[in-house]
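Each residue of the sequence shown is one higher than the one before, starting from 13 at the first, in the working numbering.
Glycine included, C-beta positions come from ideal geometry on N, C-alpha and C.
What follows is a short report on a single structure.
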Amino acid sequence: MSEAILYLVAGVVLAWFGGELFVRGGVGLAAWARWPTAVIGVTVAAFGTSAPELMVAIHAAHDGVPQISLGDVLGSNVVNVSLVLGLVLSFSGMKAEDSGVLRDWFISLLVPGILFALLMDGWFSRSDAMIMMGIFFVWLLVVISHARAHAAAQAAPAEKVPVARMVGFSLLGLALLIGAAQFVVHGGRAVALALGWSPFIVGAVIVAVATSTPELATTLIARMRGHHDVGLGNILGSCIFNAFFISSVAALIQPYKVNVPEIMPSLLFAALTTLLIIPGPGGYIGRFRGFLLLAIYGIYVMLSLDHSAAH
């Protein structure tokens, strides 16, 4: 147990330094490319901080337990919004300044319904995975088109941006974030498996929190630096990337059976928490919603564990 705690502490430390470097580099690259910071958050930051979930998906599929990946993906989406964004909002509200945030919020809201429609037959097939991959790439093309239109309307930055340094910050920060998640996953998964939880519950409750460490560090630091759209984009982009791309990777490697009643709490709570973060007038998301999201996360964990104990 002491070794697992050391892994967890090391993961938190690495995540903090990695998030600091990653946000600094990402914002610098956004200025250089004349992209909205929200686009950097929803693409570069989101895909980078979701790298741990991708590694989990690949390893879980090869190890014959792809259900861990599905649990990780669905659980991470609940964790990203209710725990990560809930914690950040509980300190201070956030403001969505780019119109793309509302678009990505709407896609995130569709995620639970699309997943349920495809998996309600109790099987995650390769055809299901291809459909989800297709949805992901259509969304990505829309985001890139929005970024290019924004860049065309913006003047070049007055000061020369040190691109090489920003790329270096981003890559080093990403490497630290991935390493942090691996440390936390290693410690958390060992504890959960020792408790005899099902593979899906291990993924949804323990591995999901572990692999969301980069999102927490990146979103918190982005909020502290005043880059609200990077934080919000990171959360929404991670949810979309997790659901449509990463879960499909595991199914493409190894299709598998799905226990539909087991995944329902994650789908329902993902929809509920996404509804709670719709930007209000002026794009503002108030502090009260942060406390509400944290309370919902606590209920989610209790229901998931009760379901696991009952079975």
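Q) According to the neighbour-count rule (16 or more other Cβ atoms, all chains shown, within 10 Å of its Cβ), is E15 buried or exposed? A) Counting the other CB atoms within 10 Å of its CB gives E15 a total below 16, which places it among the exposed residues.
Q. For the alpha helix (DSSP H) that contains N254, what are its first and last residues?
A. First-last for N254: undefined, no H or E at that position.
Q. When the Cβ atoms of the segment 260-268 are set against those of the segment 118-134, are three or more pairs found closer than 8 Å?
A. Segments in contact, no.
Q: Just the C-alpha distance for I311 and N271, rounded to the nearest angstrom, thanks.
A: One C-alpha to the other measures close to 21 Å.
Q: Give the single residue among V91, F148, S104 and V93 whose Cα lies nearest to the Cα of I119.
A: When only C-alpha atoms are compared, the closest one is F148.
Q.
Taking 7 Å as the threshold (C-beta atoms), are D84 and M220 in contact?
A. Here the sequence assigns Ala to residue 220, which means Met is not the residue at that position. Against a cut-off of 7 Å, the Cβ pair of D84 and A220 comes out as a contact.
Q: Please state if the CB of G243 and the CB of T231 are separated by a distance shorter than 7 Å.
A: Yes, the pair counts as a contact, with Cβ atoms nearer than the cut-off.
Q.
Quick test of the definition: if touching needs 3 or more C-beta pairs under 8 Å, does the segment 85-102 touch the segment 271-288?
A. Three or more beta-carbon pairs drawn from the segment 85-102 and the segment 271-288 are found closer than 8 Å, and the two stretches are therefore classed as touching.
Q. Taking the alpha carbon of L26 as the point to measure from, which residue in L188, G112 and L97 has its own alpha carbon closest?
A. Distances from the alpha-carbon of L26 to those of L188, G112 and L97 put L188 closest.
Q. Buried or exposed: which applies to V155, given that a residue is buried once 16 or more other Cβ atoms fall within 10 Å of its Cβ?
A. If you draw a 10 Å sphere on the C-beta of V155, you find 16 or more other C-beta atoms in it, and that means buried.
Q | Runs of beta strand (DSSP E) lying entirely within the segment 80-141, each at least 3 residues, in chain order | A | DSSP runs (the beta strand (DSSP E)) wholly in the segment 80-141: none.
Q: Would you grab the beta carbon distance between V123 and I252 for me? Rounded to a whole angstrom, and I think it's under 8 Å.
A: So it is a contact: roughly 7 Å between Cβ atoms.
Q.
Rounded to whole angstroms, what is the Cα-Cα separation between L101 and R299?
A. L101 and R299 have their C-alpha atoms spaced approximately 5 Å apart.
Q | Own chain, CB closer than 6 Å to G191, minus 5 neighbours either side, in chain order | A | Excluding residues within five positions, the ones whose Cβ falls inside 6 Å are L26.
Q) What residue range is occupied by the uninterrupted alpha helix (DSSP H) comprising R235? A) Segment T225 to M236, the alpha helix (DSSP H) holding R235.
Q.
Are the CB atoms of I308 and F157 within a distance shorter than 7 Å?
A. A small fix is needed here, since residue 157 is Ser in this sequence, not Phe. No.
Q.
For G249 and V113, I'd like the C-alpha separation in whole angstroms.
A. Computed Cα separation, rounded: 10 Å.
(Q) Between which residues of its own chain and M290 is the CB-CB distance below 7 Å, once the five residues before and five after are set aside? (A) Correcting the residue identity first, residue 290 is Ile in this sequence and not Met. Excluding residues within five positions, the ones whose Cβ falls inside 7 Å are W117.
Q | S278, enclosing alpha helix (DSSP H) - first and last residue | A | First-last of the alpha helix (DSSP H) with S278: V272 to L287.
Q. What first and last residue would you give for the alpha helix (DSSP H) that runs through I290?
A. I290 -> no alpha helix (DSSP H), and no H or E assigned at all.
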